[in-house]
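Chains as they are written, first to last, in the working numbering: chain Y, 176 to 318; chain L, 176 to 318. Using N, Cα and C, we set each Cβ at its ideal position, and we do this for glycine too. The block underneath contains the structure these notes are about, expressed in structure tokens.
2 protein chains.
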Amino acid sequence: MFLGEFSYSIDEKKRLAIPAKFRQALGKKAVVTRGLDQCLFLYSFKEWGVLAEKLSKLPLAQADARGFARLMLAGAMEADLDKLGRILVPDYLKEYASLGKKTVIAGVYNRIEIWDEQKWEAYKTNIEKGIGDMAERLKELGI
Amino acid sequence: MFLGEFSYSIDEKKRLAIPAKFRQALGKKAVVTRGLDQCLFLYSFKEWGVLAEKLSKLPLAQADARGFARLMLAGAMEADLDKLGRILVPDYLKEYASLGKKTVIAGVYNRIEIWDEQKWEAYKTNIEKGIGDMAERLKELGI
DNA sequence: GGGAGTTGTGGATAAATGTGGGGAAAAGTC
DNA sequence: GACTTTTCCCCACATTTATCCACAACTCCC
């Protein structure tokens, strides 16, 4: 289980260090993908394999399902950790999440999220503002 | 499993480099054919065999299924990789996918797709727009 | 508090990759 | 048969990528 919020920087070679606490659970082989709200998701290869399998079985005949699977699968990229626990972030994913130098890495249960620092701050304050409404909805969910 | 998004160019001799990461899984012998949404599909020879078998068994009665199978089977062409990992793209397939110089190669699980760069960008934004409820779909898949 | 180990960051060097082109062999044309 | 065109095989070069190492800051432990 991944927990916590860390800030790291991407160097000119597109390398991004993964928090040491996450490395063992993640393993050597990982996968980065397009996530929701303009962040990236990082999964262990094993975890990803389950998802990819499901995606690959969506009906090829339906245009929308096809597009969805295509975007998710083509958006994914193997991101193996080097000896020092860093991954390479491909250009197109850097662009997708508009990652600058400073990034935030957040553990969210079974996945890791990678955010541009500014985007993260903005997102957080945005959510905090709406947190009153959210409480209502959480109640509906039995939390 | 083929993953990721890469951009390459076709030279004047219609040669197109295949991402180094894909070469081992693809093998020396590959097959290109007409794909869906004006892109090309690239399969390993083995995968193609499985697919061709399935296509040949589609119900002859349905006009659309018949047309689809015909398109893929008739459009198929052996595309062996040269020593540097490039394939030759036949004219009629270049035309079908309206490939310019700049192309995008996308890994989509068991197949590789070849897109004209502009078409790919257009398609992506189109899908992203259409799938506002991406989160919903992800939830269904347990992501 | 000091030392050993770990961790984040940056850079250097070596290997691999993408791209372009030359020329021989094959195929087609008049 | 001679010529042109296309296809295939070879290599060269610049750039990118991967691997390795160095250093400073930090943590942990005794």
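Three CB pairs or more closer than 8 Å across the region 265-282 of chain L and the region 201-214 of chain L = Contact between the region 265-282 of chain L and the region 201-214 of chain L is present, because at least three Cβ pairs lie under 8 Å.
query = Along the region 261-285 of chain Y, what residues have a CB closer than 8 Å to any CB found in chain L?
reply = Residues of the region 261-285 of chain Y that bring their beta carbon within less than 8 Å of a beta carbon in chain L comprise Pro265, Tyr267, in sequence order.
ask   = If the cut is a Cβ gap below 7 Å, which residues of chain L does aspartate 229(Y) touch?
value = Reading the sequence as shown, one finds lysine at residue 229(Y) and not aspartate. When 7 Å is used as the limit between beta carbons, lysine 229(Y) is near these residues of chain L: Leu316, in chain order.
ask   = Going along the chain, which unbroken runs of the beta strand (DSSP E) with 3 or more residues stay wholly within the region 219-277 of chain Y?
value = Counting only runs of 3 or more, we get 261-263.
inquiry  = Quick check: the Cα distance between alanine 254(Y) and isoleucine 262(Y), rounded to an integer number of angstroms?
reply    = Rounded to whole angstroms, alanine 254(Y) to isoleucine 262(Y) spans 5 Å at the Cα level.
request  = Give a yes or no on whether the minimum CB-CB distance between phenylalanine 181(Y) and chain L is below 9 Å.
outcome  = Phenylalanine 181(Y) does not count as touching chain L.
task = Note down, in chain order, each residue of its chain lying with its Cβ closer than 6 Å to the Cβ of serine 184(Y), except the 5 sequence neighbours on either side.
result = For serine 184(Y), where only same-chain residues beyond five positions count, the Cβ hits under 6 Å are Lys276, Lys277.
query = Does the Cβ of glycine 307(Y) have 16 or more other Cβ atoms within 10 Å, making it buried, or fewer, making it exposed?
reply = Exposed.
task = List the DSSP bridge partners of aspartate 291(Y).
result = DSSP, once it has assigned bridges, lists Thr278(Y) as partnering aspartate 291(Y).
task = Give every residue of the same chain whose Cβ lies closer than 6 Å to the Cβ of alanine 281(Y), excluding the five residues on either side of it in the sequence, and list them in chain order.
result = Sequence-distant partners of alanine 281(Y) (beyond 5 residues in either direction) whose C-beta falls short of 6 Å from its own C-beta, in its chain, are Glu180, Glu288.
request  = Less than 8 Å between the CB atoms is what I'm expecting for phenylalanine 197(Y) and arginine 286(Y), so what's the real figure, rounded?
outcome  = No, phenylalanine 197(Y) and arginine 286(Y) are not in contact; Cβ-Cβ is about 10 Å, not under 8 Å.
inquiry  = On the DSSP letters alone, give me the boundaries of the alpha helix (DSSP H) that glycine 202(L) sits inside.
reply    = First-last for glycine 202(L): undefined, no H or E at that position.
key: Contact with chain Y by glutamate 312(L), beta-carbon distance below 9 Å   = At residue 312(L) the sequence reads arginine, which differs from the glutamate that was named. It does; some Cβ of chain Y falls within 9 Å.
key: Any chain Y beta carbon closer than 9 Å to leucine 211(L)   = In terms of beta-carbon proximity, leucine 211(L) lines the interface with chain Y, with at least one pair separated by less than 9 Å.
ask   = Is DSSP giving leucine 313(L) helix, strand or coil here?
value = The answer is helix: DSSP assigns leucine 313(L) an H, G or I state.
inquiry  = I need the DSSP call for glutamate 335(L), collapsed to helix, strand or coil.
reply    = Here chain L has residues from 176 to 318 only, and residue 335(L) is not among them.
Burial state of glycine 242(L), where buried means 16 or more other Cβ atoms lie within 10 Å = The residue is exposed, with fewer than 16 neighbouring Cβ atoms inside 10 Å.
request  = Report yes or no: is there a C-beta of chain Y within less than 9 Å of the C-beta of leucine 248(L)?
outcome  = Judged by the 9 Å Cβ criterion, leucine 248(L) is not in contact with chain Y.
task = Report the neighbours of glutamate 253(Y) on chain L: residues whose CB is nearer than 8 Å to its CB, in chain order.
result = Within chain L, the residues placing a beta-carbon under 8 Å from that of glutamate 253(Y) are Leu178, Gly179, Lys196, ordered along the chain.
inquiry  = Which residues in chain Y have a C-beta closer than 8 Å to the C-beta of glycine 305(L)? List them in chain order.
reply    = Ordered by position in chain Y, the residues that pass the 8 Å Cβ test against glycine 305(L) are Asp239, Gly242.
request  = Starting from the C-beta of serine 231(L), find all residues in its chain whose C-beta is less than 8 Å away, skip the five residues before and the five after it, and write them out in chain order.
outcome  = Within the same chain, serine 231(L) has close Cβ partners Ala244, Leu248.
request  = Determine the direct distance from the alpha carbon of lysine 229(L) to that of lysine 294(Y), and round the result to whole angstroms.
outcome  = Computed Cα separation, rounded: 46 Å.
Contact list for lysine 299(L) against chain Y, beta-carbon separation under 8 Å = The contacting residues are Leu246.
query = If we ignore side chains and look at the alpha-carbon of each, how far apart do leucine 246(L) and leucine 235(Y) end up?
reply = Here the C-alpha atom of leucine 246(L) lies approximately 15 Å from the C-alpha atom of leucine 235(Y).
query = Hey, would you say alanine 200(L) sits closer than 9 Å to serine 219(L), going by beta carbons?
reply = Going by C-beta atoms, alanine 200(L) is nearer than 9 Å to serine 219(L).
9 Å Cβ cutoff, glycine 202(Y) in contact with chain L = For glycine 202(Y), no Cβ of chain L is located within less than 9 Å of the residue's own Cβ.
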